[in-house]
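Trainee: Submitted below is the structure of interest, expressed as C-alpha cells.
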Amino acid sequence: MNLEESLLFREATVADLKSIMNVENAAFTVPWTEAAFRNEFIINQYAYYLLAVHEEQVVGYAGVWLVLDEGHITNIAIHPDYQGNHYGEALLREMIRVAKERGIVRMTLEVRVSNDVAQGLYKKLGFQDGAIRKNYYPDTKEDALVMWVDL
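Under numbering that gives the first Met the number 0, the first residue of the sequence shown is numbered 0, with each subsequent residue one higher.
Next comes the structure, spelled out in C-alpha cells:
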C-alpha cells in the first residue's frame, strides 16, 4: 500500500480546530486565526471543511463555501512534513467529489501568482485561469490568480 492509499477523509467539526490550526500554522506564513476558523464552523452556514487523515494524524484540510451550485475553495493545506506524497491532489479530488455530491457544478479558488506548484495541481484537475486579483495577499501585496473548473 502506498502512502496515498492510506489516506482517509472525513468532514471536520469545531472539535478539530486544534488539528486544523497545527496544519495551518505550519503551512502558511500568514495563517488564518483560530477565531476565523471557529466562525467558519459556527456562523458560516455555507462552509464545509474536509480533513485528510494518515495513521490517525490530521495531515491536511480543505475548506469550501457551497453556495447554490458553486463552490469557492477557501483553503487547502497539507502539513509540510507530509507534502510531496500526493496528499494535496487526493484531498482536492475528494473535495471535488463531495462538492459534486452536494450539487455543485462549478468551483473557483484564488492562488498566489508565484505558486507554480499549486497552479500545476489545479490545472491537472481541470481548473483554468480566470482573472487576476491585484494586491490580493496582504502580507506581500502579491496578486492572486482566480481559477475555475466546471464539474
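Cβ coordinates follow ideal geometry from the N, Cα and C atoms, glycine included.
(1) Since I believe Val145 is in contact with Gly129 (beta carbons under 8 Å), could you give me their beta-carbon distance rounded to a whole number of angstroms?
(2) Compare the Cα-Cα distances from Met94 to each of Ala46, Ala14, Ala25 and Gly83 and report the closest residue.
(3) Between Leu108 and Phe27, what straight-line distance do the alpha-carbon atoms span, to the nearest angstrom?
(4) Determine the extent of the beta strand (DSSP E) in which Asp128 is found, giving its start and end residues.
(5) For a test of the three-state rule: what should DSSP assign to Glu93, helix, strand or coil?
(6) Under the DSSP definition of a beta bridge, which residues are partnered with Asn74?
(7) Going by CA-CA distance only, name the one from Glu54, Glu88 and Ala14 that's closest to Asn38.
(8) Assign Gly70 to one of two classes, buried (16 or more other C-beta atoms within 10 Å of its C-beta) or exposed (fewer than that).
(9) Among Tyr81, Ile42 and Asp142, which residue has its Cα nearest to the Cα of Gly59?
(10) Buried or exposed: which applies to Met0, given that a residue is buried once 16 or more other Cβ atoms fall within 10 Å of its Cβ?
(11) Hey, quick one: how far does the alpha helix (DSSP H) through Ala35 stretch, first residue to last?
(12) Spatial neighbours of Leu16 within its chain, please: C-beta separation below 7 Å, excluding the five flanking residues on both sides.
(13) If I'm right that Leu6 touches His78 with Cβ under 8 Å, what's the distance once you round it to whole angstroms?
(14) In or out: Asn74 buried (at least 16 other Cβ within 10 Å) or exposed?
Mentor: Reading off the structure:
(1) Counting from one through the sequence shown, the residue named residue 129 turns up at place 130. Counting from one through the sequence shown, the residue named residue 145 turns up at place 146. Rounded, the Cβ-Cβ distance is 4 Å, consistent with contact.
(2) Within the sequence shown, numbered from 1, the residue matching residue 94 stands at position 95. The candidate whose alpha carbon is nearest that of Met94 is Ala46.
(3) Here residue 108 is taken as the residue at index 109 of the sequence shown, counted from 1. Here residue 27 is taken as the residue at index 28 of the sequence shown, counted from 1. About 17 Å.
(4) Within the sequence shown, residue 128 is the residue found at index 129, counting from 1. Its beta strand (DSSP E) spans residues Gln127 to Arg132.
(5) Taking the sequence shown and counting its residues from 1, the one referred to as residue 93 is at position 94. Reduced to three states, the DSSP call for Glu93 is helix.
(6) Stepping through the sequence shown from its first residue, residue 74 is reached at position 75. Paired residue(s): Gly62.
(7) In the sequence shown, residue 38 corresponds to position 39, counting from 1. Nearest of Glu54, Glu88 and Ala14 to Asn38, Cα basis: Ala14.
(8) As a working mapping, residue 70 is identified with position 71 in the sequence shown. By the 10 Å Cβ count, Gly70 comes out buried.
(9) Stepping through the sequence shown from its first residue, residue 59 is reached at position 60. Here the closest residue by C-alpha is Tyr81.
(10) Start at 1 with the first residue of the sequence shown, and residue 0 comes out as number 1. Reliability fails at Met0, whose pLDDT of 45 lies under 50, so the model's placement of it is uncertain and the value that follows must be treated cautiously. When all chains shown are included, Met0 counts as exposed.
(11) In the sequence shown, counting from the first residue as 1, residue 35 sits at position 36. Its alpha helix (DSSP H) spans residues Glu33 to Ile41.
(12) Walking along the sequence shown from the start, residue 16 turns up at place 17. Hits under 7 Å: Glu33, Phe36 and Arg37.
(13) Counting from one through the sequence shown, the residue named residue 6 turns up at place 7. Counting from one through the sequence shown, the residue named residue 78 turns up at place 79. Incorrect: roughly 12 Å between the Cβ atoms, too far for contact.
(14) As a first step, residue 74 must be located in the sequence shown, where it is residue number 75. Buried, by the Cβ-count rule.
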